[in-house]
Amino acid sequence: MVKDKISIDDIGELINSDDILGKDVIDSEGKFIGIAESILIDPKKFDFVGISIDKGFLKKGLIIGKSYIKNVASNAVFLNIRPSYNIKGMKVFDMEGFQIGKVKEILLKENKNAIDKLIISSGILKKEIELSANFIKSIGYNILLNIKKKDLA
Amino acid sequence: MKIEVISKSGNDLTKEPNITKLLGKKVLTKSGFILGNVKEVLFDQKSYSIDGIVAQKYPLFSKKIYIGKEYFQSISEKAVILSIEPAILFIGKKVVDSEGKVLGKAKEIIRQDNSNSVKEIVVKKFLRKSIRIKPSDVKLWGKSIILKDSFGK
């Protein structure tokens, strides 16, 4: 049934909360990161600002700003980023393939998705190494650096 | 102890990577996935150059994978880093259309002979007939396989 509209704006093609909530959220690497749990709205401007994602039982939730949403499809919400928080626990290898350690913490630039620094836990004694994002060559299943371990200090 | 060198090559052979030290070292894919450890190093019988390596994840239970040297990105005494993501690693990944609908999982990856070029992906979903997808329909080979908008149209 066609609904009546009361608005001073031209209401074009819209989606509603049902089109987002409960859908899988897939990042730019094709990883299923969770389920869209709620829609966040700016209380003053009434603008849609983002979504919160339920990553599963006992896992910390995640909020994604609307600028990182690529599109809302009929079965999933696609993001245009790979959330940097997801690299926690990844192994870090130097340019020769030597395993330096694992990502313990990620420091982002403000609240954006760009990585500023990584804190890497290394060795049996879990020594912490602070690593600038400039040394990251690629992030995939694990992290490859563009530098040798001996040059890190 | 000083090593005497007998060679016509002008290279400083004492600084070349030692192949025996490579055995047992990690084999990383382009994205940093640990494919396994170097089990064997294979040589060409005529040119004596390295032809490839055999990688194996677990000594007894896992399949051995032969990787030709054309897919090496770098080789050192620490690891072999590949320039590719071996297509066989996509077996078992979810295959998702552009609307986010999961079509099933990649049951088989059919390649051009033994190369890493994919000819077809065989996708299977429980109690459904398998479907075959051409690599030209794939938008992203990542944590899942995401298809282009044009797929099925």
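Line by line, the protein sequences give chains W and C.
Quick note on numbering: numbering that gives the first Met the number 0 labels position 77 of the first sequence as 76, and the sequence is numbered without any gaps.
Quick note on numbering: numbering that gives the first Met the number 0 labels position 28 of the second sequence as 27, and the sequence is numbered without any gaps.
All C-beta atoms, glycine included, are put in the ideal place defined by N, C-alpha and C.
| task | State the Cα-Cα distance for the pair lysine 116 (chain W) and asparagine 85 (chain W), rounded to the nearest angstrom. | result | Translated into positions along the first sequence, residue 116 (chain W) becomes position 117. Translated into positions along the first sequence, residue 85 (chain W) becomes position 86. Distance between the alpha carbons of lysine 116 (chain W) and asparagine 85 (chain W) is about 14 Å.
| chain W contact for lysine 20 (chain C) (CB, 8 Å cutoff) | For the purposes of this step, residue 20 (chain C) is taken as the residue at position 21 of the second sequence. No, its Cβ sits nowhere closer than 8 Å to a Cβ of chain W.
| request: Count the other CB atoms, across all protein chains shown, that sit within 10 Å of the CB of serine 61 (chain C); report buried if there are 16 or more and exposed otherwise. | output: Along the second sequence, read from residue 1 onward, the residue named residue 61 (chain C) stands at position 62. When all chains shown are included, serine 61 (chain C) counts as exposed.
| message | Extract the residue ranges of the beta strand (DSSP E) inside the stretch 66-133 of chain W, only unbroken runs of 3 or more that lie entirely within it. | response | 68-71, 75-78, 90-92, 98-107, 114-121 and 126-131
| Can you list, in chain order, the residues of its chain whose CB lies under 8 Å from that of isoleucine 138 (chain W), leaving out five sequence neighbours each side? | Here residue 138 (chain W) is taken as the residue at index 139 of the first sequence, counted from 1. Contacts found: Arg81, Ile86 and Met89.
| message | Any C-beta of chain C within less than 8 Å: which residues of the stretch 114-133 of chain W qualify? | response | none
| query | Is the beta carbon of lysine 29 (chain C) less than 8 Å from the beta carbon of glycine 96 (chain W)? | reply | Along the second sequence, one-based indexing puts residue 29 (chain C) at 30. Along the first sequence, one-based indexing puts residue 96 (chain W) at 97. For lysine 29 (chain C) and glycine 96 (chain W), no; Cβs fall outside 8 Å.
| query | So which residues of chain W does glycine 35 (chain C) contact, with C-beta pairs closer than 9 Å? | reply | As a working note, residue 35 (chain C) is residue 36 in the second sequence. Those do not exist, as glycine 35 (chain C) stays about 13 Å from chain W at its closest Cβ, beyond 9 Å.
| said: The beta strand (DSSP E) that contains lysine 20 (chain C), what's its start and end? | reply: Here residue 20 (chain C) corresponds to residue number 21 of the second sequence, with the count starting at 1. No beta strand (DSSP E) holds lysine 20 (chain C); the alpha helix (DSSP H) holding it covers 18-21.
| field | For tyrosine 65 (chain C), the first and last residue of its enclosing beta strand (DSSP E) | value | Locating residue 65 (chain C) in the second sequence gives position 66, counting from the first residue. Where tyrosine 65 (chain C) is concerned, the enclosing beta strand (DSSP E) stretches over 63-67.
| Interface partners of glycine 139 (chain W) on chain C, CB under 9 Å | Within the first sequence, numbered from 1, the residue matching residue 139 (chain W) stands at position 140. Within 9 Å Cβ-Cβ: Thr28, Lys29, Ser30, Gly31, Phe32, Glu84 and Gly141.
| request: Excluding the 5 residues preceding and the 5 following isoleucine 83 (chain C) in the sequence, name in chain order all residues of the same chain whose CB lies nearer than 8 Å to its CB. | output: Residue 83 (chain C) sits at position 84 when you count from the first residue of the second sequence. Excluding residues within five positions, the ones whose Cβ falls inside 8 Å are Thr28, Lys29, Tyr70 and Asn115.
| request: Starting from arginine 127 (chain C), trace the beta strand (DSSP E) both ways and give me its first and last residue. | output: Numbered from 1 along the second sequence, position 128 holds the residue referred to as residue 127 (chain C). Note, arginine 127 (chain C): premise wrong, no beta strand (DSSP E); not H, not E.
| field | Beta-ladder partner(s) of isoleucine 5 (chain C), from DSSP | value | Taking the second sequence and counting its residues from 1, one reaches residue 5 (chain C) at position 6. Paired residue(s): none; isoleucine 5 (chain C) is not in a bridge.
| request: In angstroms with no decimal places, state the Cα-to-Cα distance between asparagine 110 (chain W) and serine 83 (chain W). | output: Residue mapping note: residue 110 (chain W) aligns to position 111 of the first sequence, counting from 1. Residue mapping note: residue 83 (chain W) aligns to position 84 of the first sequence, counting from 1. When rounded, the distance between both Cα atoms is 11 Å.
| said: Helix, strand or coil, according to DSSP, for leucine 88 (chain C) in the structure here? | reply: By one-based count along the second sequence, residue 88 (chain C) stands at place 89. Leucine 88 (chain C): helix per DSSP, three-state reduction.
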